[in-house]
Structures are given as structure tokens and as C-alpha cells.
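Report on one structure; see the data block that follows.
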Amino acid sequence: MSEKQNFNTLKNSSLSIDNKFLFGFVLFLAVLTSIFHILSNIFLISAPVVRIIHLFSMLSICFFSYQAIKNKYIDVFKIFLFILILFLAFYSIYDYDNFFNRAVDPNDIDILVGITLIVMILLALYISSGAIMSTVVFFFILYAYFGAYFNDPWGHRGYDIDRIIGHLSMTLEGIYGPAIGVSSTLIILFTIFGAFLSASGAGNFFVKLAQSLSKNYKNSEGFSVVLSSFFMGIISGSGVATTVTVGSITKKILEKSKYDQNTSGGLLSASGIGAILCPPIMGAAAFLMSDFLGVSYFEIIKAAFIPALIYYISLFLMVYFDNKNDSFNHKFSVSELNYKKVLLSEGLFLLPIFSIIFLLIIGFSPIISVLYSLGILIIYSFIKKTNKMDFNSFFSGLANGSISAVNVAITCAGAGIIVGVISLTGLGLKFSSIVIELSNGSILLTAFLTMFVVWFVGLAVPVTASYIICAVIAAPALIEIGVSPIAAHLFIFYFAVLSEVSPPTALSPFAASAILGGNPYKTTLKSWYYCLPAFLIPYIFIYNAYGNSLIEFSNPLMSFVRFVSLILGLFVLIESFKNKAFNKLEICIRFCVVLLLIVPYFYINFFISFTYIIYTFLKRKFKHA
Numbered sequence: 313m314s315e316k317q318n319f320n321t322l323k324n325s326s327l328s329i330d331n332k333f334l335f336g337f338v339l340f341l342a343v344l345t346s347i348f349h350i351l352s353n354i355f356l357i358s359a360p361v362v363r364i365i366h367l368f369s370m371l372s373i374c375f376f377s378y379q380a381i382k383n384k385y386i387d388v389f390k391i392f393l394f395i396l397i398l399f400l401a402f403y404s405i406y407d408y409d410n411f412f413n414r415a416v417d418p419n420d421i422d423i424l425v426g427i428t429l430i431v432m433i434l435l436a437l438y439i440s441s442g443a444i445m446s447t448v449v450f451f452f453i454l455y456a457y458f459g460a461y462f463n464d465p466w467g468h469r470g471y472d473i474d475r476i477i478g479h480l481s482m483t484l485e486g487i488y489g490p491a492i493g494v495s496s497t498l499i500i501l502f503t504i505f506g507a508f509l510s511a512s513g514a515g516n517f518f519v520k521l522a523q524s525l526s527k528n529y530k531n532s533e534g535f536s537v538v539l540s541s542f543f544m545g546i547i548s549g550s551g552v553a554t555t556v557t558v559g560s561i562t563k564k565i566l567e568k569s570k571y572d573q574n575t576s577g578g579l580l581s582a583s584g585i586g587a588i589l590c591p592p593i594m595g596a597a598a599f600l601m602s603d604f605l606g607v608s609y610f611e612i613i614k615a616a617f618i619p620a621l622i623y624y625i626s627l628f629l630m631v632y633f634d635n636k637n638d639s640f641n642h643k644f645s646v647s648e649l650n651y652k653k654v655l656l657s658e659g660l661f662l663l664p665i666f667s668i669i670f671l672l673i674i675g676f677s678p679i680i681s682v683l684y685s686l687g688i689l690i691i692y693s694f695i696k697k698t699n700k701m702d703f704n705s706f707f708s709g710l711a712n713g714s715i716s717a718v719n720v721a722i723t724c725a726g727a728g729i730i731v732g733v734i735s736l737t738g739l740g741l742k743f744s745s746i747v748i749e750l751s752n753g754s755i756l757l758t759a760f761l762t763m764f765v766v767w768f769v770g771l772a773v774p775v776t777a778s779y780i781i782c783a784v785i786a787a788p789a790l791i792e793i794g795v796s797p798i799a800a801h802l803f804i805f806y807f808a809v810l811s812e813v814s815p816p817t818a819l820s821p822f823a824a825s826a827i828l829g830g831n832p833y834k835t836t837l838k839s840w841y842y843c844l845p846a847f848l849i850p851y852i853f854i855y856n857a858y859g860n861s862l863i864e865f866s867n868p869l870m871s872f873v874r875f876v877s878l879i880l881g882l883f884v885l886i887e888s889f890k891n892k893a894f895n896k897l898e899i900c901i902r903f904c905v906v907l908l909l910i911v912p913y914f915y916i917n918f919f920i921s922f923t924y925i926i927y928t929f930l931k932r933k934f935k936h937a
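Throughout, the numbering used here is defined as the position within the sequence shown, counted from one, plus 312.
And the structure:
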């Protein structure tokens with residue numbers, strides 16, 4: 313791979329560096345960072361050391377990559393920041409046991425180091441996520457200091473600078489807490505794995521497979537986008553990355569379709585964000601969920617499988633009923649490929665994916681599973697007959713693995729500050745009691761208030777941060793009124809993901825509009841349009857035991873029947889949403905179906921939904937005759 317190609321690779325990873333020396337240095341630093349994280353998880357280096365090195369390496373890559381202001385003095389300032397980062401890292405790592413033990417009574421140098429670190433994180437948040445996220449984090453710091461000036465129930469006694477800085481930067485409950493801990497292990501390893509999948513050509517394989525499977529259906533371009541996003545989501549775990557990758561490959565197909573630019577962009581972004589929900593490589597929040605709940609990552613995958621499947625089924629149904637509209641009543645072959653030939657030629661790309669799942673099932677840890685699967689992928693990529701991986705691609709995979717983890721790592725550091733303030737001030741308990749009091753103990757009302765909070769927080773911060781914040785302050789309220797912990801966290805996770813299609817942080821719709829040439833805000837509205845049925849799904853999993861059985865699999869037969877009932881109900885719901893030509897009887901039936909999707913009477917729902925589908929089929933058949 314040439315230097316120019318490497319440069320473009322970095323640009324595609326949201327990094328743009330004009331200075332050739334800095335470009336080469338960032339590339340070297342990113343490769344070194346990936347190698348360190350692989351080796352640290354093999355040889356089990358001390359967790360605090362790994363977290364410190366992880367954070368400061370991510371900060372370095374972030375600062376060196378910032379190119380919004382082109383000035384020769386900026387590059388000098390970047391070098392100064394890097395030297396300062398090296399000093400802070402050395403100070404924190406050297407005799408780190410005593411460093412963390414001084415958290416309650418830090419010295420002057422500790423306080424100066426902590427303040428500098430927090431300022432750097434705020435600056436990195438501004439660079440990577442924008443002003444809103446950094447402002448939110450800064451507000452929480454102010455809340456910790458000025459708590460005595462807030463009225464009940466939000467007020468607290470207030471803390472001085474020494475106590476705040478010590479708690480946030482010198483303990484494992486703040487910046488170096490669980491969020492950055494998960495980021496330094498699971499998240500970056502799975503990110504490296506995803507980067508190698510991309511470098512080896514697995515992404516193109518999954519898109520070709522999706523196109524070959526959907527080529528002969530009406531509106532095949534729509535089905536191709538959804539199916540491609542589903543397959544890419546399995547190996548990506550990033551909504552924006554999936555949207556950009558699938559959009560770049562399917563752009564010409566969508567331009568030939570009868571979708572306008574905004575509609576195709578909405579479908580693309582709605583399909584893309586589903587990547588965060590798709591096991592086994594889900595979004596960063598899924599790994600954090602495992603840590604919060606104290607359960608294995610396989611339990612999270614198992615619980616998330618049905619919601620992810622239902623989400624994409626709802627998108628398929630939306631596209632299917634697009635076909636009923638005359639404007640989409642056409643066939644367009646998106647590919648001349650045969651899926652059997654695609655599987656025979658490149659089907660071994662499925663082996664690393666299946667190996668992760670298999671190793672998790674038989675009891676291996678996620679870290680060991682992804683390391684073994686990474687080894688399998690690298691070996692296959694070097695020995696495959698066509699498009700073999702060379703050493704340039706190998707190092708590109710290492711570099712992009714770290715580069716892709718930068719935004720998540722910085723977000724986790726910022727979220728660590730927020731979580732640290734919440735634990736210091738007791739804000740989480742106060743919020744939960746307020747929500748329960750407002751809802752009067754009602755599960756449905758508590759869930760609605762929680763959804764609103766998650767959605768509101770998600771407007772300001774990325775998915776990972778909104779999940780962390782709401783998992784700390786909102787999940788306890790759901791759990792206290794009887795919702796199972798995994799269902800409560802999955803509910804919050806689901807709406808944190810759906811908030812990604814809402815401005816001003818609607819990155820997926822904005823990326824889709826940039827690729828397809830549509831209007832960003834009209835594309836966002838179309839994303840809501842395609843995601844609308846999915847907003848009902850999380851309520852099903854928390855409102856009753858039958859819905860909860862879909863994520864905990866306590867009764868396989870009950871889970872299967874409930875799943876079939878749910879799909880039938882979604883079919884009726886989406887069909888009524890798409891088709892407005894119906895009589896009063898049909899209106900009543902559809903209203904009952906929607907209502908019964910939530911309440912526990914799933915046998916009645918199954919019967920009504922099935923009966924209505926038969927009625928609709930016969931009605932159309934006789935009308936056609």
C-alpha cells in the first residue's frame with residue numbers, strides 16, 4: 313500500500329493530516345497502540361497501567377489528527393501536547409499504587425496533573441464529538457462543585473477542588489473507571505478485529521452476498537441495503553461506519569432505483585444504526601452493559617439477538633410494503649452474482665465470526681475469543697487464493713484498529729467524569745426516586761419517562777455516553793419497580809441507539825445525505841419514518857414477562873410463540889401504517905393488535921393478528937379475481 317493510499321485510509325477513519333511527518337508519526341503511534349493492546353491482553357498487564365496508557369495514546373492520536381486550523385504553530389503546539397501527555401502518563405504510571413492511594417488527600421502536583429488531564433479530555437471531546445458533549449461534561453464538574461447552591465431534590469453539600477480532582481483522576485470510579493477499562497480491553501480488541509475484517513475484504517463479501525440474495529425481488533435495491541447493513545453490522549458495530557460503507561458500495565444502485573435521495577438516505581441510515589444492535593460485534597455500549605450487569609458478554613449477545621432480529625425484520629416489512637406502492641412496483645437486479653458462487657469463493661470469511669460465537673458458547677472469555685478469531689482471520693487473509701492480504705494491509709489493519717477506537721475512548725473518558733460526579737454526589741439515587749414518584753410506580757409510565765430521558769440525553773451526546781449516563785441514573789428506577797436488570801439496560805441501550813437518528817448528533821443520516829446528495833434534515837425525517845415501528849419494540853421486553861422471555865430465553869417454547877406473535881403484530885402494524893385505505897372494522901382490529909403487542913395477552917394477539925392477515929389475503933385475492 314502506497315503512502316497516498318495510507319493517507320486515504322486515515323482520512324476514511326475520520327482523520328486528516330496534511331503534515332507528512334505527523335502523518336507518519338500518527339500511523340506509527342496507531343500501529344504501536346494496537347500491538348500494545350493485543351500484547352497487554354495476552355500477558356495480562358496490570359489494569360491501571362493499561363487504562364492509563366490507553367487513554368493517553370488515544371489523546372495523542374486525537375490531538376495529532378486535529379486539522380481544522382491550518383497553521384505552522386499548531387503543529388508545534390501538537391508536539392508540545394504530546395510531550396505533556398508523556399509526562400502525565402509517566403507521572404501516573406510511576407508508583408501508581410501510591411498515586412491511586414492519595415486520591416482522598418492529593419498533593420499539589422496531583423491536583424495540577426488532574427486538572428491538566430481533565431482539560432485535555434474536554435479539548436479532545438470538543439475535537440472528536442463537538443461542543444455539546446464537552447459542555448455536558450463541564451456542567452457535571454460544575455454541579456459537583458456548586459451542589460450546595462441547588463434546591464432540593466437536586467442539591468448536595470458541594471465538594472472542593474481537591475476532592476473532585478482526586479475522585480475523578482486518581483480513582484477507578486472516575487476517568488479510569490469501568491468505561492475506560494472496557495474501552496482498553498474489549499472495545500479496542502473488537503475494533504482491531506473489525507479493522508482487519510475490513511482490510512481483508514470481508515466487508516465487500518458481505519455486501520455481495522446481500523446483493524446476490526435480494527437481486528430477484530421487487531424493490532431489490534431496498535432489500536439489498538437492509539440486508540447489506542445487517543451483514544455489515546455483524547462485523548462493524550458502528551452505525552456511522554456501516555452507513556458510510558454500505559452507502560458507498562450501493563450508491564449507484566440506489567441512484568437507479570425509484571427512491572429519491574432523501575428516502576434512500578433515510579433507509580440507509582436506519583439500516584446502518586442497526587449495526588450497533590447486531591451481535592457479535594455490537595456497539596461499545598454493549599461491552600459496558602456486560603460490565604455494569606456483571607454478566608458474561610455472551611449473555612448480552614444472547615439477549616440482544618432477538619431485538620436486533622426484530623429491528624431488521626421491521627425494516628424489511630417497511631421495504632416490503634413500499635412495494636405495494638405503484639411507484640415501487642418494479643424489479644431491478646442489483647447484482648448478477650449467484651449467492652452460491654459468492655459463498656464458495658469467499659465463504660470462509662464467516663469462519664472468524666462463527667468462531668467468536670462458538671468460543672463464547674463453550675465458555676471462553678470475550679477477550680480470548682476475539683484474539684483467537686483475530687488469529688484465524690489473519691491466517692486466512694494471508695493464504696486465501698484471491699486478494700491476499702500483504703504486510704501493508706496488515707499494518708493498515710493495526711493502524712485503523714486504534715484510529716477507529718479514538719472517538720469511543722475519548723467518549724468513555726468523558727463519560728467516566730460524568731459517572732464519577734454521579735457516584736460522588738448521589739445523583740443517580742435522587743433521579744430514580746424522582747422518576748418513581750412521578751410515575752406512581754407504573755411500569756409503562758416509568759418506561760416512558762426513561763425513554764424521554766434517554767432520548768433527550770442522546771440528542772446531546774453519542775450512543776456510548778448516553779447509555780453510560782442513563783444506565784447510572786435511569787436504569788435503577790426501572791429495576792426498582794420490577795423490570796429485570798438486563799431488560800432495563802437493554803431498553804436504555806435500544807433508545808440510546810435510536811437517538812442516533814435525531815439531530816444534532818444524527819451522524820448516520822447526515823453521513824447518508826452526504827453520500828447520496830440529499831438534504832440532511834429531510835434524510836433524518838425519513839430515518840425516523842423507517843425507524844418508527846422500532847420505537848414500540850423495547851416496551852415489549854420490559855412490560856410483561858412474556859416479552860422478557862424473548863431476551864432471557866427462560867422458556868424456549870414461550871419465547872418462540874411470543875416471537876411469532878410479535879412478528880405478526882408488527883406485520884399488521886406496518887401494513888396499517890403504509891396502507892390508509894381501510895374500513896372502521898379494520899381500524900379497530902389494528903388498534904387491538906398494536907395494544908396487544910405491549911400487554912401480556914399474547915395468545916389473543918396471535919389469534920387476532922393471524923386472523924387479520926388471512927382476512928387481508930382473502931380480501932385482496934377476491935378483489936383481484
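C-beta: ideal position from N, C-alpha, C; glycine also.
Given the structure is predicted, the values throughout are model-derived calculations rather than measurements.
query	result
Whole-angstrom C-beta distance between Ile364 and Val733, which should lie under 8 Å	With a Cβ gap of about 21 Å, Val733 and Ile364 do not count as contacting.
Own chain residues within Cβ distance below 7 Å of Asp474, not counting five before or after	Pro418, Ile423
Cβ distance (whole Å) where Cys374 is taken to contact Ile439 below 8 Å	6 Å
Coil, strand or helix - Asn413 by DSSP	helix
From Val809, Cys724, Leu761, residue whose alpha carbon lies closest to that of Ala620	Val809
Cβ separation of Gly687 and Ala507, assumed to be a contact under 8 Å, to the nearest whole Å	That pair is no contact at about 15 Å.
Straight-line gap, Glu567 to Ala587 (C-alpha atoms, nearest Å)	23 Å
Start-to-end residues for the alpha helix (DSSP H) that takes in Leu435	420-441
In chain order, each alpha helix (DSSP H) run of at least 4 residues that lies wholly inside the segment 777-836	787-792, 797-810, 819-828
N-terminal and C-terminal residue of the alpha helix (DSSP H) that Thr762 is part of	755-772
Rounded separation between Phe676 and Ala597 - CA only	21 Å
Under 8 Å between C-beta atoms of Ser540 and Gln523	yes
For Thr758 and Val766, believed in contact at Cβ under 8 Å, the rounded distance	With a Cβ gap of about 12 Å, Val766 and Thr758 do not count as contacting.
Per-residue DSSP class, three states only, for Phe707	helix
Gly493 - containing alpha helix (DSSP H), residue span	490-494
Integer Cβ distance of Gly549 from Gly515, believed to fall under 8 Å	Between Gly515 and Gly549 the Cβ distance is about 13 Å, and since that is not below 8 Å, they are no contact.
Reduced DSSP category for Gly549 - H, G, I as helix; E, B as strand; rest coil	coil
Distance between Ile668 and Ser685 (C-alpha atoms, nearest Å)	6 Å
Beta-carbon contacts of Ala511 that lie in its chain and below 6 Å, excluding the five residues immediately before and after	Ser705, Ser708, Gly709
Asn650 versus Glu533: straight-line alpha-carbon distance, rounded	16 Å
Of the residues Ser839, Phe517, Arg874, the one placed nearest Ala582, counting alpha carbons only	Ser839
Boundaries (first-last residue) of the alpha helix (DSSP H) holding Ala342	332-355
C-beta contact flag for Leu521 and Phe543 at 8 Å	yes
Closest by C-alpha distance to Ser560, when choosing among Leu525, Tyr571, Val519, Leu371	Val519
Rounded separation between Gly830 and Gly442 - CA only	23 Å
Residue ranges of each alpha helix (DSSP H) within the segment 585-628, 4 or longer	596-605
Proximity winner among Tyr623, Ala717, Val813, Ser735, relative to Leu848 (alpha-carbon distances)	Tyr623
Anticipated Cβ contact below 8 Å, Ile492 with His366, distance rounded	7 Å
Contact under 8 Å by Cβ, Cys782 with Ile798	no
Short Cβ contact (8 Å threshold) for Ala711 with Val343	yes
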